[in-house]
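A.B. asks: Take the position in the sequence shown, starting the count at 1, then add 2; the result is the number in my numbering. In this text, a Cβ means the ideal position worked out from N, Cα and C, and glycines have one as well. Since this is a predicted model, take the numbers as computed values, not measurements.
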Amino acid sequence: MDTASLLPPSLKLSDDQTLAGIVNPEVNLPKIFAQDATDAQKQFLASKYKAEPTIPLGTPLNYRTENYNAGGKKYYIFTTADNMITYNFQQKMAKDAGITNIYTINSGHSPFISKSDELTKLIKDILLK
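1) Are residue 109 and residue 67 close, meaning C-beta to C-beta below 9 angstroms?
2) Let me know if residue 36 comes out buried or exposed under the rule of 16 or more other beta-carbons within 10 Å of its beta-carbon.
3) Cα separation between residue 128 and residue 72?
4) Output the distance between the C-alpha atoms of residue 34 and residue 20, rounded to the nearest integer angstrom.
5) Identify whether residue 34 lies in helix, strand or coil by the three-state DSSP scheme.
6) Measure the CB-CB distance between residue 131 and residue 90 and report whether it falls below 9 angstroms.
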């Protein structure tokens, strides 16, 4: 568990616990997911926001190591200013998964919103390897 993440204190479960939502999404969603976005990008993000089903969020991955390894090279793009999954926790996740092909982008959790050109360049670089 990423104890430095801003997400847990902002989560609210629906009464039947089938959905997990963000309390005060207009304020908290940009702080957690896109603090480096422009005001227009933050407004867009908040306007498209919907609570997420809890079943996929709470279901552990179940795969065999040989199947994971058969998938080829693994890549990870660290988001160093991430408030959702902190940089330190991302490093732990990548290490635990044996990922050694790493890239870094100085952004929050959503570089596809705040740094789309830079993220696209990184993905193209990965695809050309």
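C.D. replies: In terms of the structure at hand:
1) At the C-beta level, residue 109 and residue 67 stay beyond 9 angstroms of one another.
2) By the neighbour-count rule (16 or more Cβ atoms within 10 Å), residue 36 is buried.
3) So the two alpha carbons sit approximately 18 angstroms from each other.
4) Whole-angstrom Cα-Cα distance: 22 angstroms.
5) Residue state, collapsed to three classes: helix.
6) Result no, Cβ atoms of residue 131 and residue 90 do not sit closer than 9 angstroms.
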